[in-house]
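First up is the structure itself, then whatever we jot down about it.
Residue numbers (our numbering): 76 to 482.
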């Protein structure tokens, strides 16, 4: 596997563009377009929230009931959620505008929105943005980066990742971009993510690969416990790498899955680390668990604990909060067997052994917890299963950002 620079334009045949359409923001880009030279097999995973935004419903129809997709149009600033029949109609209007500009069928255009819930999107501005982006589509890596910037809301940095693997003697590239900073909680990737690949793979295998992978990547992310109305991850494969088509779960499929997992893991961690107001990425590893389900439950419970997140912000090795969060998770274990470690670039320290303090140095622990990436490792001593969850610290700025989000 070769890690490369890039995002949604890293794979062969994909182009991207961005535009400043003034959907909500001024003096910045707020629309992005992704286009493939060839029709793509398309897969998607979507929010489990009962309240689903219009673009989610539109994309589910395209992904589940149509043979292929070829373009994605995304706007930031307004979510087009809780907008009724009018909002869904705007999805069709967006697809029609893109279809006309690109010369492709409207039912091959996926749409996505992110931002304030309840507002109707200004359709004329959306159409103008589509018209502006179509002639500017470019395969350059910079075009992908500009698209990644355009879909940001409260994000502070663009989020991209790309990797190459060899399948059937051909170089296959997987690249992606995402946005997510607030309203982030495990239950199908609470964010927008767009992943592109030139792999030749059947639609069925593409969907299986994505559905399996989100369980260990986006589903393991939490910033604030709020599951969004707009969560969408789209995966497009145009086959231009020229590898033999992947139609079953063979060695080629496993190689593709590893590449997809790398990109999705990178993007998931970037979301967690860029949580609203965050100063640190907080990673929780459960090892020695009895089974995978137990490990997942425990890691999620710790990473979502407000008290633990606040302790991470204060660089405070308050391990009682972690053990407490594990205790109310619903998973059964013996707290008197648990070992707990903190780790970062500054070192690693054992905090508790068999459920009691090791008499560790508070000064050393604070030094380790003062880095911008911090890991808590809990050894359950029950088996060989493990799981990793990602979150962030809880700061004053989180409240400030969300207190005036609409203004």
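Note that CB positions come from ideal geometry on N, CA and C, so glycine has one too.
Provide the residue span of the beta strand (DSSP E) that contains residue i, from first to last.
i: residue 454; result: 448-454
i: residue 110; result: 106-121
i: residue 414; result: 414-419
i: residue 72; result: Not covered by the structure: residue 72. The range shown for the chain is 76 to 482.
i: residue 475; result: Here residue 475 belongs to no beta strand (DSSP E); instead the alpha helix (DSSP H) covers 471-478.
i: residue 93; result: 89-94
i: residue 269; result: 267-272
i: residue 189; result: 184-191
i: residue 85; result: Counting along the chain, residue 85 falls outside any beta strand (DSSP E), and DSSP gives it neither H nor E.
i: residue 307; result: 307-312
i: residue 422; result: 422-428
Determine whether the beta carbon atoms of residue i and residue j lie at a separation below 8 angstroms.
i: residue 165; j: residue 198; result: yes
i: residue 275; j: residue 319; result: yes
i: residue 39; j: residue 255; result: The structure shown does not extend to residue 39, since the chain is modelled only from 76 to 482, so the question has no answer here.
i: residue 272; j: residue 247; result: yes
i: residue 409; j: residue 428; result: no
i: residue 449; j: residue 357; result: yes
i: residue 317; j: residue 458; result: no
i: residue 360; j: residue 445; result: no
i: residue 338; j: residue 270; result: yes
i: residue 76; j: residue 334; result: yes
i: residue 355; j: residue 468; result: yes
i: residue 105; j: residue 151; result: yes
i: residue 352; j: residue 476; result: yes
i: residue 443; j: residue 433; result: no
i: residue 313; j: residue 115; result: yes
i: residue 310; j: residue 144; result: no
i: residue 340; j: residue 466; result: no
i: residue 226; j: residue 118; result: no
i: residue 220; j: residue 128; result: no
i: residue 251; j: residue 82; result: yes
i: residue 216; j: residue 92; result: no
i: residue 201; j: residue 231; result: no
Report the rounded CA-to-CA distance for residue i versus residue j, giving the unit in angstroms.
i: residue 407; j: residue 373; result: 10 angstroms
i: residue 120; j: residue 297; result: 17 angstroms
i: residue 223; j: residue 85; result: 13 angstroms
i: residue 401; j: residue 345; result: 25 angstroms
i: residue 417; j: residue 97; result: 45 angstroms
i: residue 421; j: residue 464; result: 21 angstroms
i: residue 131; j: residue 171; result: 17 angstroms
i: residue 265; j: residue 253; result: Unreliable placement is indicated for residue 265, whose pLDDT of 48 sits below 50; no coordinate value is reported for it.
i: residue 148; j: residue 287; result: 25 angstroms
i: residue 382; j: residue 347; result: 17 angstroms
i: residue 350; j: residue 398; result: 24 angstroms
i: residue 146; j: residue 80; result: 22 angstroms
i: residue 423; j: residue 94; result: 46 angstroms
i: residue 163; j: residue 203; result: 19 angstroms
i: residue 126; j: residue 157; result: 7 angstroms
i: residue 441; j: residue 233; result: 30 angstroms
i: residue 161; j: residue 412; result: 57 angstroms
i: residue 242; j: residue 278; result: 17 angstroms
i: residue 191; j: residue 178; result: 31 angstroms
i: residue 474; j: residue 175; result: 43 angstroms
i: residue 405; j: residue 90; result: 46 angstroms
i: residue 438; j: residue 470; result: 22 angstroms
i: residue 325; j: residue 249; result: 18 angstroms
i: residue 263; j: residue 435; result: Because the pLDDT at residue 263 is just 46, under 50, the model does not fix this residue reliably, and the point stays unresolved.
i: residue 155; j: residue 392; result: 42 angstroms
i: residue 186; j: residue 377; result: 35 angstroms
i: residue 109; j: residue 419; result: 37 angstroms
Following the continuous alpha helix (DSSP H) through residue i, name the residue where it begins and the one where it ends.
i: residue 163; result: 159-177
i: residue 139; result: 129-140
i: residue 282; result: 278-288
i: residue 200; result: 198-208
i: residue 442; result: 437-444
i: residue 464; result: Per DSSP, residue 464 belongs to no alpha helix (DSSP H); it is in the beta strand (DSSP E), 460-467.
Using beta carbons (cut-off 8 angstroms, strictly below), is residue i in contact with chain B?
i: residue 296; result: Here chain B cannot be found, since the structure has a single protein chain.
- Just list the beta strand (DSSP E) runs in the segment 341-396, keeping only unbroken ones of 3 residues or longer that don't cross its boundaries, in chain order. As far as the segment 341-396 is concerned, its whole beta strand (DSSP E) runs of at least 3 residues are 356-364.
- Should the segment 329-336 be called in touch with the segment 121-136, which here means at least 3 C-beta pairs below 8 angstroms? Counting C-beta pairs with one atom in each stretch, the segment 329-336 and the segment 121-136 have fewer than three that are closer than 8 angstroms, which means they do not touch.
- Pairing CB atoms from the segment 381-395 with CB atoms from the segment 363-372, are three or more of them under 8 angstroms? Verdict: no, contact absent.
- Message: Assess contact between the segment 282-292 and the segment 446-461, defined as three or more Cβ pairs (one per stretch) separated by less than 8 angstroms. Is contact present?
- Response: No, because fewer than three Cβ pairs between the segment 282-292 and the segment 446-461 fall closer than 8 angstroms, the two stretches do not touch.
- Query: Counting only runs that start and end within the segment 215-251, where is the alpha helix (DSSP H) found for 4 or more residues in a row?
  - Reply: Runs of the alpha helix (DSSP H) lying entirely within the segment 215-251, each at least 4 residues long, are 216-225 in chain order.
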